[in-house]
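K.L.:
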Amino acid sequence: MAKRVYKIRKPEKAEIAKQVKKGKKGETVKRVKKAKTIKELTEAESEQNWSAWEKRNKLTPEQLQAIRQKHKYQENPKDSPKVSATAQPPKDSLLLDIPLETGANQQNDEEVIEHTEKKRRLGEDGDAEASTCSRPCQDPSTSEINKCMNDDPESGPKKSAENDTSETSKKRKHPDDHAGGNTSTTPPGLSKVEKKALHRLKQHRMIVKDLINSLIFAKPALKQDHLDDCLSMVEVMEEKYIKAMQPNSGPKTQQVSHPKTAEEHTKRLGGDEEKARPWLPTKKSKSEMPGLVMRAWDEMSQCQIKDFRVGFLSGGSANMLNSKVNRQFWLQAHANWGNRFKTPFISTSTSLHEIAEDRVPRFQRRQENKGVKENTKLTLINLHARQAAGNPAMWMMDELIHYDVTTKYGKPQYYARSFYTNEIILPFCVGPAEIVGTWAWHQVEKWVEDNKSDFGGWYLQVGVPAFKEHERVRLGGTPMPKHNIGCDCCGQ
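Numbering follows the UniProt record's numbering, with no gaps: position 212 of the sequence shown is 212.
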């Protein structure tokens with residue numbers, strides 16, 4: 001069957017002529033303009049890029065001849081039976097005149113240049129050099145590239161007189177062939193993680209190669225400036241991926257501990273803004289705050305109790321809240337409940353309806369969507385104990401209005417119904433001395449079912465008595481014997 005020759009149409013030829021830079025003269029430019037088929041155009045552009053590549057690298061004629069001969073044999077394996085047919089040239093870097101490959105092909109070019117330079121320097125002593133050279137050159141009459149490619153790990157196994165018959169039957173696989181289903185040899189001594197990373201890097205290089213080739217041989221309707229932009233993006237993508245695969249050798253940032261005492265809170269909040277808008281407890285704020293607040297949470301919450309000896313720790317620990325700008329920024333970030341941003345605040349509520357009808361159902365839906373077991377918990381917090389220790393507590397709605405914060409729902413003062421109204425935020429941490437107790441939500445549901453009541457009944461008959469007992473002990477009373485009212489998970 002006759003091979004079809006794809007001719008270039010007049011509009012395409014005109015577009016190609018536009019892409020040729022003005023002011024260039026020479027045989028290769030004429031060949032590009034006079035090209036009638038895709039094959040002729042590719043050969044002409046390849047020759048044009050070769051000349052630019054030679055000029056940029058300033059190589060000697062011997063080095064250029066060796067590299068040209070190598071790429072010629074890689075593109076036409078039939079011309080060089082000693083070179084493995086699986087070795088593919090870096091066509092993308094050759095045609096585009098950009099060094100995209102940093103791996104085996106570039107390394108082979110450097111080895112050929114180094115080997116050729118040795119031969120050129122030694123001159124007449126080339127025979128003595130060949131006898132001590134680590135490369136097993138077979139025939140002095142063959143070209144430089146044929147002698148050196150026998151030791152190339154990318155092109156094929158070494159050939160010797162002893163194992164010539166056994167080695168020729170084995171086919172050495174190209175490192176990038178694994179993307180097509182083949183496996184390749186990896187350097188010894190690598191861990192599983194390193195092997196995985198190497199495998200992903202090679203796959204990424206294959207994808208980049210395919211993308212570049214598809215851009216090169218795209219229809220001429222693709223403008224040259226658009227093509228350059230696409231190729232630049234490919235280079236950036238490859239560079240970023242390689243950097244991402246490298247281990248982070250830089251110094252790790254030291255984790256700042258959460259402030260727990262009144263003095264530590266004063267360092268984070270103190271300043272001119274604290275004088276203008278006090279967040280640390282005052283006589284007025286103590287009288288305006290309720291004694292008991294609630295926090296519903298689960299194992300996916302940013303702030304949760306991981307150790308009952310520590311209590312709650314906020315997502316952010318190094319935040320400074322001593323200026324108006326900082327307070328406004330972190331209030332706005334915390335007001336967006338769905339952004340998963342680590343803020344220095346811990347949310348609590350005084351509303352039974354919000355906890356039972358909004359927060360807990362939202363947690364349960366999230367757990368169901370994630371396919372995890374129901375793990376919602378409810379913690380009661382004594383604000384009298386917190387303020388007595390000098391730790392701050394603020395009404396969320398008041399602070400949003402004062403700092404003129406606009407949330408994704410709009411201005412808080414114009415809400416018809418808002419959960420910010422019943423929300424109290426506690427900066428940085430809630431210590432064990434401030435926690436009344438923690439209950440698993442299924443315990444609350446079981447109590448409601450057994451007593452034929454609702455969450456309000458549980459709050460009045462279980463939560464409030466526990467708070468009063470906690471407050472009595474804090475003021476110096478003798479602790480009562482503990483009953484089985486604590487969480488079956490953490491024992492509080």
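Cβ atoms here follow ideal geometry from the backbone N, Cα and C, with glycine treated the same way.
1. Which residue from Thr407, Asn382, Thr376, Val430 puts its Cα closest to that of Asp298?
2. May I have the straight-line CA-CA distance separating Gly311 from Met237, to the nearest angstrom?
3. Are the beta-carbon atoms belonging to Ala466 and Leu380 less than 8 Å from one another?
4. Return the CA-CA distance between Trp458 and Leu352, expressed in angstroms with no decimal places.
5. I'd like to check one pair, Met294 with Ile346: are the Cβ atoms closer than 8 Å?
6. Are the beta-carbon atoms of Ser317 and Val256 separated by less than 8 Å?
7. Whose CA, out of Leu201, Arg327, Met233, Arg309, lies closest to the CA of Leu269?
8. Report buried or exposed for Arg386, applying the criterion of at least 16 other Cβ atoms within 10 angstroms of its Cβ.
9. Hey, is the stretch 425-433 in contact with the stretch 383-398, meaning 3+ C-beta pairs nearer than 8 Å?
10. In this structure, how does DSSP classify Arg172 when only helix, strand and coil are distinguished?
11. Quick check on Phe363: does DSSP put it in helix, strand or coil?
12. Between Met206 and Ser232, what straight-line distance do the alpha-carbon atoms span, to the nearest angstrom?
13. What does DSSP give as the partner residues of Gly437 in its beta bridges?
14. Return helix, strand or coil for Gly410, following the three-state DSSP convention.
15. Quick check on this structure: which residue in Trp330, Asp272, Pro427 has the alpha carbon closest to the alpha carbon of His258?
16. Indicate the three-state DSSP secondary structure (helix, strand or coil) for Val430 in the structure shown.
17. Can you grab the Cα-Cα spacing for the pair Glu469 / Lys286, in whole Å?
18. Between the Cα of Met289 and the Cα atoms of Asp398, Met320, Val372, which residue gives the shortest distance?
19. Based on the DSSP output, what are the partners of Met320 in its beta bridges?
20. Nearest to Asp358 by CA position, among Met320, Phe419, Ala440, Gln302, is which residue?
21. For Glu423, count neighbouring Cβ atoms within 10 angstroms of its own Cβ and tell me buried if that reaches 16, exposed if not.
22. Less than 8 Å between the CB atoms is what I'm expecting for Ala330 and Thr343, so what's the real figure, rounded?
23. How is Leu313 classed by DSSP in three states: helix, strand or coil?
24. So, is His442 buried or exposed, given that buried needs 16 or more other C-beta atoms within 10 angstroms?
25. Around the Cβ of Thr282, are there at least 16 other Cβ atoms within 10 angstroms (buried) or fewer (exposed)?
26. With DSSP as the reference, label Val256 as helix, strand or coil.
27. If you reduce the DSSP assignment to three classes, tell me which class Ala296 lands in.
28. Keeping to the same chain, check which residues put their C-beta closer than 6 Å to that of Asn336; ignore five residues upstream and five downstream.
29. Which same chain residues end up closer than 7 Å to Asp176 when comparing Cβ atoms and leaving out the 5 residues on each side of it in sequence?
P.N.:
Checking against the coordinates, here is how it stands:
1. Thr376
2. Taking the straight line joining both Cα atoms gives about 44 Å.
3. yes
4. Roughly 10 Å between the two C-alpha positions.
5. no
6. yes
7. Arg327
8. buried
9. yes
10. Caution is warranted here: a pLDDT of 43 is assigned to Arg172, below 50, making its placement in the model unreliable, and no coordinate value can be reported.
11. Phe363 falls in the helix class under three-state DSSP.
12. Going from the Cα of Met206 to the Cα of Ser232 covers about 17 Å.
13. Here Gly437 is bridged, per DSSP, to Leu380.
14. strand
15. Pro427
16. strand
17. 20 Å
18. Asp398
19. Looking at the DSSP assignment, Met320 forms no beta bridge with any residue, so it has no partner.
20. Looking only at Met320, Phe419, Ala440, Gln302, the smallest Cα-Cα distance to Asp358 is reached by Phe419.
21. buried
22. Looking at the sequence itself, residue 330 is Trp, so the reference to Ala does not match. At roughly 5 Å, the Cβ-Cβ gap stays under 8 Å, so Trp330 and Thr343 are in contact.
23. strand
24. exposed
25. exposed
26. Three-state DSSP puts Val256 in coil, outside helix and strand.
27. strand
28. Lys408
29. Reliability fails at Asp176, whose pLDDT of 40 lies under 50, so the model's placement of it is uncertain and no value is given.
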